[in-house]
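Asker:
Numbering (this note's numbering), first residue to last: 14 to 195.
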């Protein structure tokens, strides 16, 4: 059973099959995908959704669909997932967000991410949650900073599953569970 999270303005809920069209439209927006690998290859969207559902089944947590009750049934995706590749900081749970462009600049990503972090720390008892992006993604980096995440340039790395190019280099942000023993 996937828990539903609520914030003052948002509902974070389980994926529904009728979310696919809105997700596909979001994934087709070049501004949304500027710092993310493309999902335009045949079957890529379906594979992404399959991984989302499998993660919930296998781990009991994952990424939620973000809804604005009474305003938008689908605003994006926010949540937690195990980092699916080996790097100097893995194993680790990552928080990530992807919102459709009409919902940028409203604080929704930070609000939803805060709810997901609280779930990870309070509900799952995680000791640390990380976030990654490319150095040029200043919007996401500002969200990470607003969430209280810290960046050490010594943690930056080349993503092992991406080809050489502008998406290869990544910055790593970390947030320790404030309730965890030090």
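Ideal placement from N, C-alpha and C gives every residue a C-beta, glycine not left out.
Since we're looking at a predicted model, the values are computed, not measured.
May I have the straight-line CA-CA distance separating residue 108 from residue 153, to the nearest angstrom?
Answerer: Using only the alpha carbons, I get a separation of about 11 Å.
Asker: Classify residue 22 as helix, strand or coil using the three-state DSSP reduction.
Answerer: Of the three classes helix, strand and coil, the one that applies to residue 22 here is coil, per DSSP.
Asker: Three-state secondary structure (DSSP) at residue 96?
Answerer: In the structure shown, residue 96 sits in coil (DSSP, three-state: anything other than H, G, I, E or B).
Asker: Hey, residue 40 and residue 58: beta-carbon distance below 8 Å or not?
Answerer: Yes. Within cutoff.
Asker: Expressed to the nearest angstrom, what Euclidean distance is found between the alpha-carbon atoms of residue 27 and residue 136?
Answerer: Rounded to whole angstroms, residue 27 to residue 136 spans 17 Å at the Cα level.
Asker: Residue 187 and residue 163: beta carbons closer than 8 Å?
Answerer: Yes. Within cutoff.
Asker: From residue 90 to residue 172, what does the alpha carbon distance come to, in whole angstroms?
Answerer: Going from the Cα of residue 90 to the Cα of residue 172 covers about 22 Å.
Asker: Under 8 Å between the Cβ atoms of residue 94 and residue 143?
Answerer: Not a contact, by the Cβ cut-off of 8 Å.
Asker: Just the C-alpha distance for residue 69 and residue 166, rounded to the nearest angstrom, thanks.
Answerer: If you take the alpha carbons of residue 69 and residue 166, they lie about 32 Å apart.
Asker: On a CA-only basis, which of 62, 125, 73 is nearest residue 36? Give me that one, please.
Answerer: That would be 62, whose Cα lies nearest to the Cα of residue 36.
Asker: The beta strand (DSSP E) that contains residue 111, what's its start and end?
Answerer: Its beta strand (DSSP E) spans residues 106 to 112.
Asker: Report yes or no: do the region 109 to 124 and the region 73 to 83 share at least 3 C-beta pairs separated by less than 8 Å?
Answerer: Touching, per the Cβ criterion.
Asker: For the putative contact between residue 160 and residue 170, defined by C-beta atoms under 8 Å, what is the C-beta separation to the nearest angstrom?
Answerer: About 20 Å; that fails the 8 Å criterion.
Asker: Sorted by chain position, which residues of the same chain lie with C-beta nearer than 7 Å to residue 65's C-beta, five sequence neighbours on each side aside?
Answerer: So the qualifying residues of the chain are 28, 75, 76.
Asker: Since residue 145 and residue 182 should fall inside the 8 Å C-beta cutoff, what is the C-beta to C-beta distance between them, to a whole number of angstroms?
Answerer: Not a contact, Cβ separation roughly 11 Å.
Asker: Please classify residue 157 as buried or exposed, where buried requires at least 16 other C-beta atoms within 10 Å of its C-beta.
Answerer: When all chains shown are included, residue 157 counts as buried.
Asker: What residue range is occupied by the uninterrupted beta strand (DSSP E) comprising residue 183?
Answerer: Start and end: 182 to 189.
Asker: According to the neighbour-count rule (16 or more other Cβ atoms, all chains shown, within 10 Å of its Cβ), is residue 44 buried or exposed?
Answerer: Classification for residue 44: exposed.
Asker: Would you kindly work out how many angstroms separate the C-alpha atoms of residue 83 and residue 101, rounded to a whole number?
Answerer: Looking at the two C-alpha atoms, the distance is approximately 43 Å.
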